[in-house]
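**Q**
In our numbering, the protein residues as written are 4 to 310.
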């Protein structure tokens, strides 16, 4: 059954069968020709430009953006697009407080100042200078992944299949935030400085892994995709990225597992499936080796900070 849209707030989703009337301050809108309201008081926006090009203006600065691209906008951005006729966007509106499973709406500046290490995931929304005003160009394969995450977020919000729908919709939003930040990190050379030394082929392999980590991929899959062999792949990847392919994949999956454990109530079994592991026991062993804690203890330790 479709979620109810309750006025006057058209940027929220409301519970129907499960948690009737519960407000989730997340809403997806598709096929948009512009950014709509220039400034929203309590919503961030992820605008996925999937067709066309336009002049993007944020405050007093402007730049040309072409698809595929993402605009990462906070509540203070005064953003507009001077559109061409062929422009098309999908936009995710969300309250920044949705980021945490212990959602306690407070003063915006206080929330921002208390982000701590989680500020990392919001850098595309906050960091503004002469070279970056909120627009991130993305490779085509990452565009497909972003589209999938937006569609998955909307599907859960609309269909609300079970009582995990609020948490599950947030989990796809978290993946979307990480995905946007990954592209921004590579663009600005923050989190992976070694990427500046990587050949085009290795960069494409990294992008492919980032797009497919949730699938049960193997080295054989990668060698077939990029027409190489395991020895050459591992040698070149380690020389340029500083780790083996397998280590990189595990680290990426563990990062996502940590975020989903800390920020959602999703069962461990579902998180295991979401990050591409075959069975829960294998995941628990890998997680404990990576973090020093079991998934249950890791989640409990995070919860204790709030109570």
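We treat Cβ as the ideally placed atom computed from N, Cα and C, and that holds for glycine.
(1) Excluding sequence positions up to five away, which residues of its chain have a Cβ less than 7 Å from the Cβ of residue 268?
(2) How would you call residue 303, buried or exposed, if buried means at least 16 neighbouring beta carbons within 10 angstroms?
(3) Which ranges does the alpha helix (DSSP H) cover as unbroken runs of at least 4 residues, wholly within the stretch 116-150, from first to last along the chain?
(4) By Cβ distance below 7 Å, which residues in the same chain neighbour residue 16 in space, the five residues on each side in sequence not counted?
(5) Here's a check: name, in chain order, each residue in its chain whose Cβ is nearer than 8 Å to the Cβ of residue 181, leaving out the five neighbours to either side.
(6) Going along the chain, which residues of its own chain have a beta-carbon closer than 6 Å to the beta-carbon of residue 136, five neighbours each way excluded?
(7) Let me know the secondary structure DSSP gives residue 273 once reduced to three states.
(8) Just to confirm my understanding: we take residue 119, look at its own chain, exclude 5 residues before and 5 after, and list those with CB closer than 7 Å. What are they?
(9) Can residue 78 and residue 32 be called in contact, C-beta distance under 8 Å?
(10) Mind checking whether the beta-carbon of residue 146 lies closer than 7 Å to any heavy atom of the ligand FAD?
(11) Would you identify the three-state DSSP class for residue 81, choosing helix, strand or coil?
(12) Report all residues from its chain with a CB closer than 7 Å to the CB of residue 97; omit the five preceding and five following residues, and keep chain order.
(13) When the Cα atoms are used, what is the spatial distance from residue 208 to residue 24?
(14) Let me check understanding here. Comparing Cα to Cα, which of 130, 189, 174 and 101 lies closest to residue 142?
(15) Does the separation of the CB atoms of residue 55 and residue 89 fall below 8 Å?
(16) Which whole runs of the beta strand (DSSP E) in the stretch 8-61 are 3 residues long or more, in chain order?
(17) Let me confirm a value: residue 292 is counted as buried when at least 16 other C-beta atoms fall within 10 Å, else exposed. Which label applies?
(18) Could you tell me the boundaries of the beta strand (DSSP E) in which residue 94 lies?
(19) Identify the continuous alpha helix (DSSP H) that holds residue 254 and give its terminal residues.
(20) Is residue 219 helix, strand or coil by DSSP?
(21) Is the Cβ-Cβ distance between residue 279 and residue 187 less than 8 Å?
(22) Is the separation between the beta-carbon of residue 100 and that of residue 113 shorter than 8 Å?
(23) In angstroms, rounded to a whole number, what distance separates the CA positions of residue 255 and residue 214?
(24) Flag this pair as yes or no: are the beta carbons of residue 229 and residue 149 separated by less than 8 Å?
(25) In chain order, what residues of the same chain lie with their CB nearer than 7 Å to the CB of residue 196, ignoring the 5 residues before and after it?
(26) Between which two residues does the alpha helix (DSSP H) carrying residue 163 extend?
(27) Classify residue 203 as buried or exposed, calling it buried when 16 or more other Cβ atoms lie within 10 Å of its own Cβ.
(28) Please classify residue 65: does DSSP put it in a helix, a strand, or coil?
**A** Let me spell this out:
(1) 104 and 170
(2) exposed
(3) 126-129
(4) 6, 27, 29, 30 and 160
(5) 124, 258, 259 and 262
(6) 61 and 64
(7) helix
(8) Cβ neighbours of residue 119 beyond the five flanking positions: none.
(9) For the 8 Å CB-CB criterion, residue 78 and residue 32 do not form a contact.
(10) For the ligand FAD, the structure offers nothing, since it holds no ligand at all.
(11) coil
(12) 28, 29, 46, 47 and 176
(13) C-alpha of residue 208 to C-alpha of residue 24: approximately 45 Å in a straight line.
(14) 189
(15) yes
(16) 29-35, 47-54 and 56-61
(17) exposed
(18) 91-97
(19) 248-266
(20) coil
(21) The answer is no: Cβ separation not under 8 Å.
(22) no
(23) 11 Å
(24) no
(25) In this prediction, residue 196 has a pLDDT of 32, which is less than 50 and means its spatial position is unreliable; what the coordinates show is noted afterwards. Nothing meets the Cβ criterion.
(26) It is not in any alpha helix (DSSP H) - residue 163 carries neither H nor E in the DSSP assignment.
(27) exposed
(28) DSSP, reduced to helix, strand and coil, places residue 65 within a strand of the structure shown.
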